[in-house]
Each structure stands twice: as C-alpha cells, then as structure tokens.
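Residue numbers (the numbering used here): 14 to 243.
(1) Do residue 67 and residue 105 have their C-beta atoms closer together than 8 Å?
(2) Have a look at 44, 91, 232 and 122 and flag the residue whose alpha-carbon is nearest the alpha-carbon of residue 53.
(3) Residue 102: buried (16+ other C-beta within 10 angstroms of its C-beta) or exposed?
(4) Quick check: what's the CA-CA separation for residue 32 versus residue 98?
(5) Return the CA-CA distance between residue 134 and residue 234, expressed in angstroms with no decimal places.
(6) Using the C-alpha atoms, what's the distance from residue 46 back to residue 232?
(7) Sort 212, 107, 125 and 89 by Cα distance to residue 76 and report the nearest one.
(8) Which stretch, first to last residue, makes up the alpha helix (DSSP H) that contains residue 45?
(9) Do residue 111 and the ligand ADP come close, with the Cβ less than 7 Å from some heavy atom?
(10) Pull up the DSSP beta-bridge partners for residue 199, would you.
(11) Can you give me the C-alpha to C-alpha distance between residue 113 and residue 136, rounded to a whole angstrom?
(12) With DSSP as the reference, please indicate the residues paired to residue 91 in a beta bridge.
(13) Would you mind reading off the limits of the beta strand (DSSP E) that contains residue 112?
(14) With DSSP run on the structure shown, which of helix, strand or coil describes residue 30?
(15) Output the distance between the C-alpha atoms of residue 247 and residue 187, rounded to the nearest integer angstrom.
(16) Can residue 215 and residue 206 be called in contact, C-beta distance under 8 Å?
(17) Would you call residue 41 buried or exposed, if buried means 16 or more other Cβ atoms sit within 10 Å of its Cβ?
(18) Grouping DSSP H, G and I as helix and E and B as strand, with all else coil, what is residue 21?
(19) Taking residue 120 as the reference, which of 132, 148 and 191 has the closest Cα?
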C-alpha cells in the first residue's frame, strides 16, 4: 500500500462527482479535500481486518473493495462489494473503536482515506456535512435491507438478474464489465460458483445475456430482465 500525491483540483472534482459530497459548497469541498489521504492498493491488499483499531473510513476512487466476515471455521461470507464513488467503513463515525469486518482490494485500487478524529472535528463545524452523513447512513440501511431481502426472499436466478439489471442500468448499450472474479460474485449472491456458471449458461441459451470474457451484454428486450427491477 502506498500513498499517492494527487492534484488538489482533480481531487475536489472527484469528491463533487460523488453522491456523498455533490451538494457541498466550494468552501466545504476545500476543507474535505485537505483531509484526504489517497492510497494506492495492489490487488488482494487488505485495508483492515476485523478487530483492527478503527482509525477512519474510505471512499473508493478506482477499483473494487470486498467487505467480508470470517466464521470461526474460517469460512468467508461476503457482506458487500463496493466500487468507484462508494464509501465504506463510515460506521467508525458512530463511535465504533474496532472495524467489525475485513476489507480487501479485489483489483488494483485507489481509495481516499478520511481520518476519524479530523473528520468528526470538521463536521462539528458544518451542518451541511452532518446532513450528508445522515443521508449516507440512510442509504446504507436501505442497501442492507435490500440485500437481506435479496438473499432471503429471492431464488438464485432472481438474485443474479437483479445484479445484472442494476449493473447494466447506467450503460446505454447494457454492457457490463465484470471487474470482480466470478467466484466473488457468486459469494456476494449467496450461491456456489458452479450454480453461477449454470445460470450464466442458461441465460445465454435464453438470449437474456451474452458473455465474452469479462464483458456481459444484457438484452434490454428480455422479459427476464424485469425480474431485476424490483
């Protein structure tokens, strides 16, 4: 893991482009950017382990970060996989002294680190930042409820279709570049890699998707795609 020197204006532009900081004033953006530490991560680098001292939280600039827990037997359970523009570890702002999960880079990544004490000192001076944090927590609660519903109430095909629908939603041609290994996607969906492979094959046969290496084209006219909308 290495610290990276970045252009301050480029950093502020990136912060402004994210959901969390898009509504900040120029003054608050300047204050936030001055706290940022940009870290470059090699693939498979661990940012923190469960039980490590919680020193701050992260915003992903590039790459993908896996958040997971380990059972006493060492079995891995993926909690979530975050991508560019998403925040993780912000639970430390609620008073947690230790990280409750593991965080690992699935790809080469760049993350922005916010030191907990410095950030809390800053938000005590800015009502706008406090409101943004409330919105962040509300969004995360909504995501967790959605993930819980996905794992408990939907079958494997529905879970995959929901992932494909959301991942392809922002692409005009409905093409997804799968940055994470398929084995990790299977863990995220709560299915085995073998089941995931069978589902991909079945969906290709039905004309719902077309898989070429890391790229997945989703047929926007497929009725099955509607399964991912709910």
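Beta carbons: idealized from backbone N, C-alpha and C, even for Gly.
On the basis of the coordinates in this document:
(1) yes
(2) 122
(3) buried
(4) 7 Å
(5) 51 Å
(6) 41 Å
(7) 125
(8) 39-48
(9) Inclusion of the ligand ADP in the displayed structure is not the case, the ligand content being empty and no account of it being possible.
(10) Looking at the DSSP assignment, residue 199 forms no beta bridge with any residue, so it has no partner.
(11) 23 Å
(12) 81
(13) Here residue 112 belongs to no beta strand (DSSP E), and DSSP marks it neither H nor E.
(14) helix
(15) Because the chain in this structure spans residues 14 to 243, residue 247 falls outside the shown range and cannot be described.
(16) no
(17) buried
(18) helix
(19) 191
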